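Using numbering that gives the first Met the number 0, count along the sequence shown one by one with no gaps and you end on 186. What follows is a single structure, written as structure tokens, with notes after it.
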Amino acid sequence: MSSTDLVAVRFAEPEDAPEIAAIVNHYIAESTANFRTEAQTPAEWEHDIAAYGSRYPWLLATVADGTVRGKAVGVAYAKPWNARQAYDWTAEATVYVAAGQRGRRVGSTLYRELLKRLEAQGFHSVMAQVTSPNPGSEALHAACGFELVGTIKAAGYKHGEWHDVGIWQKILAAPEGAPAPTTPVER
Ligand SMILES: CC(C)(COP(=O)(O)OP(=O)(O)OC[C@H]1O[C@@H](n2cnc3c(N)ncnc32)[C@H](O)[C@@H]1OP(=O)(O)O)[C@@H](O)C(=O)NCCC(=O)NCCS
Numbered sequence: 000m001s002s003t004d005l006v007a008v009r010f011a012e013p014e015d016a017p018e019i020a021a022i023v024n025h026y027i028a029e030s031t032a033n034f035r036t037e038a039q040t041p042a043e044w045e046h047d048i049a050a051y052g053s054r055y056p057w058l059l060a061t062v063a064d065g066t067v068r069g070k071a072v073g074v075a076y077a078k079p080w081n082a083r084q085a086y087d088w089t090a091e092a093t094v095y096v097a098a099g100q101r102g103r104r105v106g107s108t109l110y111r112e113l114l115k116r117l118e119a120q121g122f123h124s125v126m127a128q129v130t131s132p133n134p135g136s137e138a139l140h141a142a143c144g145f146e147l148v149g150t151i152k153a154a155g156y157k158h159g160e161w162h163d164v165g166i167w168q169k170i171l172a173a174p175e176g177a178p179a180p181t182t183p184v185e186r
């Protein structure tokens, strides 16, 4: 799987659930990037990795330096954008990087691997929801070839304010005729 001198990417396993929960719970508590207001338990992550991890890539990043060497510092994964069957070729992607590790290309290394894999599996398009303001996430999505295709105005209320949510889309394959079923994650 993809790696740089600093960042290595591997599949997330159910045992990684506590580290993933710690990364994401920081943003649930401190930011509006995630519209949950209550922390997620490792058990919820374990369930989701098992439920979605063979149809969608669930990826985890580690870095080769510092006190976090070898520990999870980022997670990127996909889920169905919508459960109705005609949406089967449209995935929703998400990425989180541990607070102290942002801006070191962990997010872009993870996201590029996720997108490459979704394309190889036969997904036609990837969606992402980005709360405003979130310049880091907007920059990442633009750099990875996503386009802002719409905005849900005042989509949610968190931390004392209403927030818009941008809907971003990256087309992976031109829609020509009937698509073949997507293939499972290849390990
Ligand atoms: C958004 C996030 C995943 C980006 O990951 P990252 O590892 O910090 O970003 P990278 O170092 O890989 O940078 C990716 C691109 O975004 C740009 N970028 C990163 N942070 C930025 C910031 N705060 N402001 C502007 N641009 C920024 C980089 O310059 C780079 O652009 P380039 O490829 O054109 O050089 C990470 O900051 C994060 O986890 N944020 C909090 C949670 C979150 O918002 N998740 C997304 C939910 S939609």
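Quick reminder that beta carbons are idealized off the backbone N, C-alpha and C, glycines included. Model, not experiment: these values are computed from the prediction.
- Annotated as proximal: A75 and Y110, with beta-carbon spacing under 7 Å.
- About 28 Å separates the Cβ atoms of W161 and S124, ruling out a contact at the 8 Å cut-off.
- Judged by the Cβ position, L139 qualifies as a neighbour of ligand 1 at the 6 Å threshold, a heavy atom of the ligand being closer than this.
- With contacts defined by Cβ atoms closer than 7 Å, E45 and A16 form a contacting pair.
- At a threshold of 6 Å, A20 does not count as near ligand 1, since its beta carbon sits no closer than that to any of the ligand's heavy atoms.
- Residue pairing by DSSP places R9 opposite L59 in a beta bridge.
- Straight-line spacing of the CA atoms in E37 and N24 works out to 8 Å.
- As far as DSSP is concerned, Y51 takes part in no beta bridge.
- Only residues of its own chain outside the window of five on either side were considered, and among them L114, L117, E118, F122, H123, S124 and V125 have a CB closer than 8 Å to the CB of L171, listed in chain order.
- At least one heavy atom of ligand 1 sits closer than 6 Å to the Cβ of S136.
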